[in-house]
Amino acid sequence: MHHPTYGTHMKIKSQLSQIIKKVLEDANIEAEDIVISDATKPEFGDYQFNGVMRLAKILRKNPRQIAMDVVKHIDTTGMITKVEVAGPGFINIWLDNRWISTQANSILEDKRVGVGLVENSQKVVVDYSGPNMAKQMHVGHLRSSIIGDTLATLLEFLGDEVIRQNHIGDWGTQFGMLIAHLEEQGADGNQNLQDLEQFYKDAKVRFDESEEFANIAREYVVKIQSGDEHCLNLWRQFIDKSLGHCEEVYAKLGVNLTRNDVRAESFYNSELPNIIKILKDKNISTNSNGAECVFVDGEDKPPVIIQKRDGGFLYATTDLSALKFRAGELEADRICYVVDARQGQHFKQVFSISKQANIVGESVALEHIAFGTMMDRSGKPFKTRDGGTIKLIDLLDEAVIRAKETIKKRNEYSEAELNRVATAIGIGAVKYADLSISRESNYLFSWDKMLSFDGNTALYMQYAYARIQSIFRKHNAEIIGEIKIDDELEHKLALMILKFEDTLTKASIEATPHTITSYLYDLVTLFMKFYEQNPILKDGVEKEVKMSRLQLSKLTANVIEKGLDILGIEVVDRI
RNA sequence: GCACCCAUAGUUCAGCUGGAUAGAACGCUAGUUUGCGGUACUGGAGGUCACAGGUUCGAAUCCUGUUGGGUGUACCA
């Protein structure tokens, strides 16, 4: 896996690591990765370097001695104000208040709040959402949609060229049934498509009850596949309508997917035989029991079937074709699949085949951005059983209704304002709850938890933001002046603000949105403490101090706003 | 059967390219407070990091095994 190189704009850790590296080099000590970590305790400073012990082992020298040498040669007149050796050879680092305030002051008017652009911009394909056109979007599509959208937004913000790909499921045998039903209903059909779920059920009933209908449905599958215009028209009509449903959900969710991002399964149809040919020609696939197979994991393990005995193709073939398109036509450097963890094996195999067959170049990074299952309160997955699925659209509507209940009593709202605020809060709650869990673990869905003002929730962030806006309203004048740090909490808060870039960088490399939410939570908690102890607008606060604290508040609000924006969550000025 | 994932406070979760006394939140509990939005802030109790070995200066983190749970596994996607 190769990682992009980032600029040194505000990258604190990389600056520190360069300082240490230089000092070690001057002492003729070679070190590959200088990993700087956040100090584990306040008394250990702001950052620490723990790598000396490892180096000492290799060099067979006393770690404390090396650490002492390093510390002696570190310049403490600039960024770093103090370094010390502790324990067996830890190096603790304190950053200078003036340096921090200079950095903070330099980003007061910066829309990017100090976050630079990547030096080596990559072309990144992010494949996410991928709903099935035969059905209405349900809770199972939620995580892919919002994690994928966040990843895309994040990478774009950091300067990568992002190509969103919505690999919608628009092909397969069930469409024969659906368009047969659509045609049978004639003019009413379009009307009945309002409720796709019901339409699917009705079609299924017809399929089961009428032999004649079932035969037509089967015929239609063949006809679509052979390019029959009449059937294709019905099919397009159906897909268009279904996609419209999805767009409604995207609009409500605030997910940035448009028709331009749709690259449906069917898009790859004509290319599938070519994939088989490539794999056959390279002797990667073999015929086994009539099916064309690739034995990725060995002869004794189940193979990946790329062509069925009856000549049909499977989704592995489609994915290989999509990989070819993305690496070839789209020229991607990195391809991210935001898909349920349960498909891990599939992607491992498909990635492996694509590299082996050189369908995808050696340098292209292929990543399965896996996520866990959404569970209900009893710890069971939201299952996709007939009739029992929770439609995503209903879930989102409920979120907004619940948000209204939560905030209604707080303030007098006009109806328009209540709707706007409740939407931001309700949708934000759903998204934040999902994004704040490390994505690979399963996720327990709880309305009460996600709509709480307490704890690591969107509402807590939005509340903090609104509270800061309220300070500005009360101040009701220009904020002019510089940040000056002479207090421990100011030091911590300003430094936290400056850590935004390191946080986003980490989140982008590991594709972990929860890195961002944890950071925001820490930031907001810190701000609340700062605000509690450092009066801003109270009588008796000197003007310079007041301005400095207002500026810190402003930067905090800017980071919250930008951070939430990357997560696809809106802020409001008043709750 | 085989493969992958998971197991951390009563609960929901962080921490995992090895580092100092394992962190939050909720809940419980004790405070602050005539409050620049108190849905705030401060403190306390609560842990054999599933279990057993191993690697080493040092393990929640890496390796092996055991137990318990989840998922996937030849012609759906």
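Sequence positions in the first sequence follow the working numbering and run -6 to 568.
All C-beta atoms in this analysis are idealised placements derived from N, C-alpha and C, irrespective of residue type, glycine included.
Please report the distance separating the alpha-carbon of residue i from that of residue j.
{"i": "Asp26", "j": "Val111", "result": "20 Å"}
{"i": "Gln455", "j": "Ala422", "result": "10 Å"}
{"i": "Asp181", "j": "Lys373", "result": "38 Å"}
{"i": "Lys574", "j": "Ser347", "result": "An answer regarding residue 574 cannot be provided, because it is not within the stretch -6 to 568 covered by the chain."}
{"i": "Asp188", "j": "Thr496", "result": "42 Å"}
{"i": "Ile529", "j": "Lys467", "result": "11 Å"}
{"i": "Gly556", "j": "Arg319", "result": "29 Å"}
{"i": "Ala426", "j": "Ala20", "result": "49 Å"}
{"i": "Ser281", "j": "Val108", "result": "54 Å"}
{"i": "Glu408", "j": "Ala396", "result": "14 Å"}
{"i": "Lys294", "j": "Gly305", "result": "22 Å"}
{"i": "His66", "j": "Leu519", "result": "33 Å"}
{"i": "Ile13", "j": "Phe37", "result": "17 Å"}
{"i": "Gly533", "j": "Glu471", "result": "19 Å"}
{"i": "Lys499", "j": "Thr508", "result": "8 Å"}
{"i": "Gly419", "j": "Arg105", "result": "26 Å"}
{"i": "Ala451", "j": "Thr510", "result": "9 Å"}
{"i": "Gln526", "j": "Asn404", "result": "27 Å"}
{"i": "Asp303", "j": "Ile217", "result": "17 Å"}
{"i": "Leu385", "j": "Gln191", "result": "15 Å"}
Run the CB neighbour count on residue i, radius 10 Å, all protein chains shown included, and call it buried at 16 or more, exposed below.
{"i": "Asp201", "result": "exposed"}
{"i": "Pro124", "result": "buried"}
{"i": "Ser429", "result": "buried"}
{"i": "Gln342", "result": "buried"}
{"i": "Ser10", "result": "buried"}
{"i": "His174", "result": "buried"}
{"i": "Asp390", "result": "exposed"}
{"i": "Glu607", "result": "Because residue 607 is not part of the residues shown, which for the chain are -6 to 568, the question remains open."}
{"i": "Pro81", "result": "exposed"}
{"i": "Gly220", "result": "exposed"}
What does a CB cutoff of less than 7 Å around residue i pick up in its chain, not counting 5 residues either side in sequence?
{"i": "Ser114", "result": "Gly152, Asp153 and Glu154"}
{"i": "Asn435", "result": "Gly365, Thr366 and Met368"}
{"i": "Thr69", "result": "Lys75 and Val76"}
{"i": "Thr377", "result": "The predicted model places Thr377 with a pLDDT of 42, which falls under 50 and marks its position as unreliable; any figure quoted below should be read in that light. Taken in chain order, the residues that qualify are His131 and Gly133."}
{"i": "Glu324", "result": "Lys116"}
{"i": "Tyr453", "result": "Phe446, Asp447 and Val517"}
{"i": "Gln235", "result": "Residue identity differs from the one stated: residue 235 is Ser in this sequence, not Gln. Answer for Ser235: Met126 and Leu189, listed in chain order."}
{"i": "Val569", "result": "There is no way to answer for residue 569, as the model of the chain reaches only from -6 to 568."}
{"i": "Gln167", "result": "Ala127"}
{"i": "His484", "result": "Asn90, Ile93 and Ile478"}
Less than 7 Å between the beta carbons of residue i and residue j, yes or no?
{"i": "Ala32", "j": "Asp39", "result": "yes"}
{"i": "Ile271", "j": "Ala350", "result": "yes"}
{"i": "Leu488", "j": "Leu545", "result": "no"}
{"i": "Ser99", "j": "Ile478", "result": "no"}
{"i": "Asn159", "j": "Leu250", "result": "yes"}
{"i": "Gln41", "j": "Phe83", "result": "yes"}
{"i": "Ala334", "j": "Ala309", "result": "no"}
{"i": "Ile562", "j": "Leu147", "result": "no"}
{"i": "Val248", "j": "Ser137", "result": "no"}
{"i": "Ile328", "j": "Val118", "result": "yes"}
{"i": "Leu135", "j": "Ile172", "result": "no"}
{"i": "Ile29", "j": "Lys4", "result": "no"}
{"i": "Tyr261", "j": "Ser314", "result": "yes"}
Once the 5 residues before and after residue i are set aside, which same chain residues still bring their CB inside 6 Å of it?
{"i": "Asp379", "result": "With a pLDDT of 45 at Asp379, under the threshold of 50, the modelled position of that residue is not reliable, and the figure given next carries that caveat. None."}
{"i": "Arg567", "result": "Ala459"}
{"i": "Asp163", "result": "Met126, Ile232, Ala257, Glu258 and Ser259"}
{"i": "Gln96", "result": "Leu491"}
{"i": "Phe523", "result": "Leu482 and Leu486"}
{"i": "Leu513", "result": "Met454 and Gly556"}
Residues in its own chain within less than 8 Å of residue i by CB, not counting five upstream and five downstream?
{"i": "Lys401", "result": "Leu411"}
{"i": "Ser263", "result": "none"}
{"i": "Ile22", "result": "Leu48, Leu52 and Ile59"}
{"i": "Leu307", "result": "Ile298, Ile299, Gln300 and Lys301"}
Item checked: Sequence ranges, alpha helix (DSSP H) only - wholly within the stretch 206 to 292, length at least 4 -> Segments of the alpha helix (DSSP H) lying fully in the stretch 206 to 292: 222 to 246 and 265 to 274.
Margin query: Ignoring anything shorter than 3 residues, give me the beta strand (DSSP E) runs that lie fully in the stretch 10 to 84, in order along the chain.
Written below: Taking only runs of at least 3 residues, the beta strand (DSSP E) segments lying wholly in the stretch 10 to 84 are 29 to 31, 40 to 42 and 73 to 79.
Next item on the list: Ignoring anything shorter than 4 residues or poking outside the stretch 394 to 434, list the alpha helix (DSSP H) runs there in chain order.
Entry: Counting whole runs of 4 or more residues, the stretch 394 to 434 contains the alpha helix (DSSP H) stretches 408 to 428.
Next item on the list: At 3 residues or longer, and completely inside the stretch 132 to 186: list those beta strand (DSSP E) runs for me, N to C.
Entry: With a minimum length of 3 residues, the continuous beta strand (DSSP E) runs that stay inside the stretch 132 to 186 are 154 to 158.
Margin query: List, from N- to C-terminal side, the beta strand (DSSP E) runs of 3 residues or more that fit wholly inside the stretch 338 to 367.
Written below: Qualifying beta strand (DSSP E) stretches, in chain order: 358 to 364.
Next item on the list: Within the stretch 494 to 565, note down every full beta strand (DSSP E) run reaching 3 residues or more, in order along the chain.
Entry: As far as the stretch 494 to 565 is concerned, it has no whole beta strand (DSSP E) run of at least 3 residues.
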